[in-house]
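*Asks:* Below you'll find the structure I mean.
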Amino acid sequence: MSRVWSVALVALSILTACPQPAPAPVPLVPTPSTPVAVADAAPDGPLDLDLPRLAARATKLYQDVAVAFAEAGEDCAAAASKLAALQTAYADVVTANAKVLHEGRARELSGALEPHADALDTAAKAIVGSKTMSKCSPDRAFTDAFDNLVGAPP
C-alpha cells in the first residue's frame, strides 16, 4: 500500500510541477445541407514545447482520475480499467511530461502549472482521499494501471 501512496504523491507533485494542456478541439465536419462552420484550429507544435497547453491537459488528467476513482469506488477492476482508458486518452500528456522533466525543464513546467494550482490541489486531495486508493492500493492490476498512467516512482 505504501508503494501506491508513494506513486500517488510523486505523481501529484510532478503534475503539480508540470502542467497539462487542454484537449485539442474537435473539428466540425460539414454536411452538404448544413452551413460550414470553422472550428478553432488545434494548437500547432509538440505538447512538450507548449507548457501552458501541457499544464491545462495535465490538470484535466488529474481531474479525470479523481472522477474515475469516485465512479469506481471500491471496485478495483473498474478503477484499473478506467485508468487504462485514461492512459490512452492522455498518452500525449504522459510523454510530454516525461520529456520536459528529462530535459530539466521542471521549473518552467511548474510555472505553467501555477494558474492551475487550486484545481490540481482539489484533484490531488480527491485522489489520495478516495475509497479507491485506500481499497485498491494492494491490488496489482490497479497499481500497474496507476503506474502506467502517472509513472512509477524512481
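Residue numbering for the sequence shown follows the working numbering, starting at 487 and increasing by one per position. Here a beta-carbon is modelled for each residue, glycine too, at the ideal position from N, C-alpha and C.
1) Just reading off the alpha helix (DSSP H) that Gly597 is part of, what are its end residues?
2) Put Ser620 into one of helix, strand or coil per three-state DSSP.
3) Tell me, to the nearest whole angstrom, how far the beta carbon of Ala566 is from that of Ala610; I am working on the premise that it is less than 8 Å.
4) Report yes if the CB atom of Glu594 is closer than 8 Å to the CB atom of Leu537, and no otherwise.
5) Quick check on DSSP: helix, strand or coil for Ala627?
6) If you drop the 5 nearest sequence neighbours on each side, which residues of the same chain put their C-beta closer than 8 Å to that of Thr520?
7) Would you mind giving the Cβ-Cβ distance between Leu477 and Leu635, rounded to the nearest angstrom? I have them listed as a contact below 8 Å.
8) For Ala582, which residues in the same chain have their Cβ closer than 6 Å to its Cβ, ignoring the five residues on either side in sequence?
9) Between the C-alpha atoms of Val553 and Gly590, what's the straight-line distance to the nearest angstrom?
*Replies:* Taking the geometry as given:
1) The count along the sequence shown starts at 1 and reaches residue 597 at position 111. Element bounds for Gly597: Ala592 to Leu599.
2) Residue numbering aside, residue 620 sits at position 134 when the sequence shown is read from its first letter. In this structure, Ser620 counts as helix in the three-state DSSP scheme.
3) Mapped onto the sequence shown, residue 566 falls at position 80. Mapped onto the sequence shown, residue 610 falls at position 124. Between Ala610 and Ala566 the Cβ distance is about 20 Å, and since that is not below 8 Å, they are no contact.
4) By one-based count along the sequence shown, residue 594 stands at place 108. By one-based count along the sequence shown, residue 537 stands at place 51. The answer is yes: Cβ separation under 8 Å.
5) On the sequence shown, residue 627 is found 141 positions in, with the first residue counted as 1. Helix at Ala627.
6) Here the question's residue 520 lines up with position 34 in the sequence shown. Bear in mind that the predicted position of Thr520 carries a pLDDT of just 41, short of 50, making it too unreliable to give a figure here.
7) Shown here, the chain extends from 487 to 640; a query on residue 477 therefore has no answer.
8) By 1-based counting over the sequence shown, the position of residue 582 is 96. Hits under 6 Å: Leu533, Asp534 and Leu540.
9) Your numbering for residue 553 matches position 67 in the sequence shown. Your numbering for residue 590 matches position 104 in the sequence shown. Roughly 31 Å separates the two Cα atoms.
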